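According to the numbering used here, the sequence shown holds residues 134 to 420 in order.
Glycine included, C-beta positions come from ideal geometry on N, C-alpha and C.
Remember, it's a predicted structure, so these values are computed and weren't measured experimentally.
Written out below as structure tokens is the structure these notes cover.
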Amino acid sequence: MEKIKNIIVPTDFSVTARNAFQYAQGLAAALEATLTVVHVREYFFPTSGENFSPFAANEETQLDEAFDLFIQESDIGAGVMTKDKVKTQILRGNAVDSLLELSGQENTDLIVIGTTGLQDFLSRISGSTSLNVATKAHCPVVLVPREASWMGIERIMYTSNFRSMTAGMIGEATDFALQVEAATHFVHIDNVGYEGESNVEDINWNHLFSSISPNLSYQTHSLYGTDIIKELEKYSEAHRIDLMVFVSRHRGFWESLLYKSVIQNMAISTNTPMMVLHLEDQWAIKK
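Right, dumping it as structure tokens:
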């Protein structure tokens, strides 16, 4: 992972978005990164043949005022929240599609987006904006639960299955951990109920960590069971984890669906921020 220079924070000006922005302020200060607050103005279509303008004539002025108020009310005193140090951007179109396109641009290094827990019925059926962005983006995404607050990142838990526990993943994880100077827990999850026979004996920890920086403080662990969500929660609480990182490569439809379900269930049940990090296919273990 290259050094994070610019963090994107999507907003709908809600309490959830404001909390995510407050978290992003602390993270930006720790990384010495800039912040760009993005609002997606979705298109509306007329229901009659009459001429219809989907946006008010003074919309730009109203959005500028909304941005100013949003930034002002979200100030946590990090020293980076003056108007001249926070960029703003307006996108038009579908929220998920617009943010996914933005995630692939060169100056987007990380997206920090709020989540309410995804507990309402419609979100369970179709998935929320934050969940869809996190699982499909071309850059890392941090999901910030509404009850979470910036307390620094001292301990990170990198969670991966057998297929994604590779030297490439270790390299990506090491880069980010060194940027925030965090102790790192590499956790291999072995969902016996889904995967069948355990693959843990195939992991060569010494090989995976043979070329990492000597400045990285880390430990390794393997979790087993049919309820991986519960095991991850227990581990996170016991080790006072500040950020959970889910590592996966872009995979086929059914595997992606299962992975998305894990992220969604964790978002419902935890107040710990989560980063979703995708690896390129060339780093995957080939059987």
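DSSP bridge partner residues for residue i (one or two, in chain order)
i    : result
D360 : Its beta-bridge partners do not exist; DSSP assigns none.
P143 : V171
T248 : P278
Y351 : T317
D323 : Y357
V395 : For V395, which the question treats as bridged, DSSP gives no partner whatsoever.
L243 : I140
L410 : V380
Range covered by the alpha helix (DSSP H) that runs through residue i
i    : result
S263 : T262 to K269
L196 : E192 to E206
R151 : V148 to L164
I303 : A300 to V313
E234 : A228 to S236
Proximity to residue i [Cα-Cα], best of the options
i    : options                   : result
P406 : N294, M284 and E364       : M284
H318 : R174, E287 and D145       : E287
A199 : T307, L376, V171 and G159 : V171
L196 : Q238, R225, N240 and V266 : R225
Q205 : E165, R151 and V229       : R151
V409 : L168, N191, S263 and S207 : S263
N339 : A306, A300 and L356       : A300
S231 : L356, H271 and D308       : H271
K136 : S147, G304, D201 and N398 : G304
S355 : Y368, I345, S346 and S344 : Y368
H411 : S293, E364 and T403       : S293
T144 : H321, V173 and T268       : V173
V395 : T403, I374 and I362       : I362
E364 : S346, N398, F342 and N337 : N398
K138 : V266, I289 and V313       : V313
G237 : G247, K218, T248 and A267 : A267
A163 : I374, M134, F309 and E366 : F309
S402 : V277, Y357, E165 and L341 : V277
E370 : M290, V148, S344 and L341 : M290
Q158 : L341, T248 and K220       : K220
G247 : Y156, M134, I374 and R373 : Y156
F104 : H372, N227, D201 and A166 : The structure shown does not extend to residue 104, since the chain is modelled only from 134 to 420, so the question has no answer here.
E165 : K218, N337 and S343       : K218
A316 : E192, F203, H372 and V229 : H372
N265 : N227, E239 and M302       : N227
First and last residue of the uninterrupted beta strand (DSSP E) at residue i
i    : result
S344 : No beta strand (DSSP E) contains S344, which DSSP labels as neither H nor E.
R288 : R288 to S293
R373 : Counting along the chain, R373 falls outside any beta strand (DSSP E), and DSSP gives it neither H nor E.
I137 : Note, I137: premise wrong, no beta strand (DSSP E); not H, not E.
T221 : V219 to R225
- Within the chosen definition, does the segment 272-283 reach the segment 341-354 through at least 3 CB pairs nearer than 8 Å? no
Does the count of Cβ pairs from the segment 229-244 and the segment 371-380 closer than 8 Å reach three? no
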